[in-house]
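Report on the following structure.
Numbering (this note's numbering), first residue to last: 4 to 214.
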């Protein structure tokens, strides 16, 4: 059997079990999608959002990229964010990274990785801004993991800067923003950052009275 054929067989088995457990399971999913959460996570296959949070289909809206970045020029991420906030009306947006992240490790090196260098530039900027705190740590693992935590905080701040979040905070007093890190060693999520609606930013940004 080819590897991809196993996935198709597992899908059939999963669908059959779901219908046996709950005959209306798929009918409900077709008719409505009202998740409370948007998850912006890393593409790493070891960090499946629904499994580590035990959420069911329809309960969490998901966007993933290398090293869980919120980049203001990333139309893919911004489109997901806008749909989640304005249409789905999510109550919480979670940025979740994980310790030992390969993207962060790569960003801390001096190697060239081709096209991904342009993406890693965003993490290198976080490193540059926090180099004094990071470089004094005694081991590479500690330095990488600290940058992972600081990167999550930075991405949560990037979220708060977007006109999408600012407008929703002003009009609807939602969503809450959260930054978490997942530990592959024990499977636990660690809260790193939290921004309730209308949290003042550390610097002025454009006003969005007309949005």
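Every residue gets a Cβ at the ideal spot worked out from N, C-alpha and C, and that includes glycine.
- Residue 44 places its beta carbon less than 8 Å from that of residue 52.
- In terms of Cα proximity to residue 144, the closest of 157, 109 and 81 is 109.
- Judged by DSSP in its simplified three-state form, residue 31 adopts helix.
- Taken in chain order, the complete alpha helix (DSSP H) segments of 4 residues or longer contained in the region 57–112 are 78–85 and 105–111.
- Here residue 146 is buried, its C-beta having at least 16 other C-beta atoms within 10 Å.
- About 14 Å separates the beta carbon of residue 90 from that of residue 40, a gap too long to meet the 8 Å contact definition.
- Taken through DSSP and simplified to helix, strand or coil, residue 168 comes out as helix.
- Segment contact: the region 100–116 against the region 68–76, three or more CB-CB distances shorter than 8 Å; contact assigned.
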